[in-house]
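Asker: Submitted below is the structure of interest, expressed as structure tokens.
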Amino acid sequence: MATKQIAGKTVEVDAEGYMQNSKEWSKEVCEAIAAEQGITLTDAHWKVIEFARDEFNKTNESPTLRRITKSGVINTKDLYAFFPNGPAGKIARLAGLRKPTGCI
Amino acid sequence: MEEIKPRKLVLIASKGSLDMAYPPMILANAARMSGIEVELFCTFWGLDLITKAKNNKLNVATVGNPSMHPWFHIPTWLGAIPGMSWAASWYMRKEIDKLDFPPVGEFMEMLVDSGAHVYGCKMSMDMMKLTQADLIDGAEVLGAMEFLEKADGAQIIFV
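So the protein sequences, as listed, match chains A and B. According to numbering that gives the first Met the number 0, the residues represented by the first sequence are 0 to 103, in order. According to numbering that gives the first Met the number 0, the residues represented by the second sequence are 0 to 158, in order.
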């Protein structure tokens with residue numbers, strides 16, 4: 000397990016840069032990660048990130064993309080537009096969650 | 000400097016039974032979730048995945064199916080009893096739903112929305128007397144040669 004400096008904090012990450020401890024997340028950490036990923040965070044982004052973190056806190060697992068779109072927080076087209084090139088990974092990175100493993 | 004092309008996955012769906020509809024769709028979806036470009040070519044029975052009138056009515060075979068052994072092997076004579084295929088398909092749909100996977104129609108919609116390119120094989124469509132109007136929104140009609148152009152440099156999976 001490696002560590003990385005994000006927004007002045009030392010966080011635990013895996014070899015691909017996914018945060019391993021969701022408790023180390025904060026809005027500043029999220030904004031720093033977004034800048035790294037080349038994403039400008041809007042309200043739509045925050046809604047998805049907050050939903051993903053809520054679900055993780057409830058179930059101890061990142062929600063699948065289908066759960067995210069079924070919840071009404073965002074639709075599939077917008078999901079791929081706001082989190083381009085691999086939304087599953089991007090959302091996990093921004094929300095401070097581990098690399099997703101779901102198939103849906 | 001060479002431009003880095005995104006990875007591309009090409010899937011050829013040639014089967015229309017319920018059990019064989021999911022592998023190409025799941026692979027296509029997983030690819031899209033990871034940012035991989037997807038071209039899904041539906042040919043022959045695979046056209047059932049993108050035919051509006053049929054895609055939510057797919058069935059699994061219970062006759063002569065060597066893989067049909069949910070609790071014990073279902074012999075052909077048992078599988079031929081009227082209603083067996085319907086029951087097996089109904090049960091399979093329920094199990095798929097329990098895992099939170101969508102039914103075929105919704106899954107194809109999701110794939111189109113996620114940016115996967117979906118095509119119907121022109122030759123099979125002509126043979127089955129299908130037209131663009133019979134296909135789901137977002138599906139295009141393509142011939143084999145044009146399709147192979149799109150498959151250039153991609154990883155191809157035939158189902």
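Idealized CB from N, CA, C, for every residue including glycine.
#1: If we cut at 7 Å on Cβ distances, does N59 (chain A) have a partner in chain B?
#2: Is there a Cβ from chain B that is less than 7 Å from the Cβ of G43 (chain A)?
#3: Leaving out five residues on either side along the sequence, give the residues of the same chain with a beta carbon under 6 Å from the beta carbon of E36 (chain B).
#4: Going by other Cβ atoms of all chains shown within 10 Å of its Cβ, with 16 needed for buried, is Y79 (chain A) buried or exposed?
#5: Inspect the beta-carbon positions of F43 (chain B) and S13 (chain B) and report whether they are closer than 7 Å.
#6: Taking a cut of 7 Å between CB atoms, which residues from the stretch 19-52 of chain B lie near chain A?
#7: Strictly below 7 Å CB to CB, what residues from chain B border K76 (chain A)?
#8: Whose C-alpha, out of A:I103, A:I5, A:P86 and A:G7, is nearest the C-alpha of V47 (chain A)?
#9: Which whole runs of the alpha helix (DSSP H) in the stretch 116-157 of chain B are 4 residues long or more, in chain order?
#10: With a threshold of 7 Å between beta carbons, is L93 (chain A) in contact with chain B?
#11: Taking the straight line between their C-alpha atoms, what separation do you get for W24 (chain A) and G95 (chain A)?
#12: Report the neighbours of Y79 (chain A) on chain B: residues whose CB is nearer than 8 Å to its CB, in chain order.
#13: Taking G85 (chain A) as the query, report the chain B residues whose CB atoms sit under 7 Å from its CB, ordered along the chain.
#14: Is there a Cβ from chain A that is less than 7 Å from the Cβ of M122 (chain B)?
#15: Going straight from the alpha carbon of E105 (chain B) to that of T9 (chain A), what length do you get?
#16: Mind checking which residues open and close the beta strand (DSSP E) that includes L39 (chain B)?
#17: Identify which residue in B:K128, B:G152, B:V158 and B:F157 has its Cα closest to the Cα of I3 (chain B).
#18: Take G142 (chain B) and list the residues in its own chain whose beta-carbon comes closer than 6 Å to its own, dropping the five residues that flank it on each side.
#19: Distance cutoff 7 Å, beta carbons only. Does M109 (chain B) sit that close to anything in chain A?
Answerer: Let's see:
#1: no
#2: Checking the sequence shown, residue 43 (chain A) turns out to be Ala, not Gly. A43 (chain A) does not count as touching chain B.
#3: P5 and K7
#4: buried
#5: Closer than 7 Å, so yes.
#6: I25, N28, A29, M32, S33 and G34
#7: D112
#8: A:P86
#9: 121-126 and 143-149
#10: no
#11: 6 Å
#12: What Y79 (chain A) touches in chain B: R31, D112, S113 and G114.
#13: M32, S33 and G34
#14: no
#15: 43 Å
#16: Looking at the DSSP string, the run of the beta strand (DSSP E) that includes L39 (chain B) is E36 to C41.
#17: B:G152
#18: K121
#19: yes
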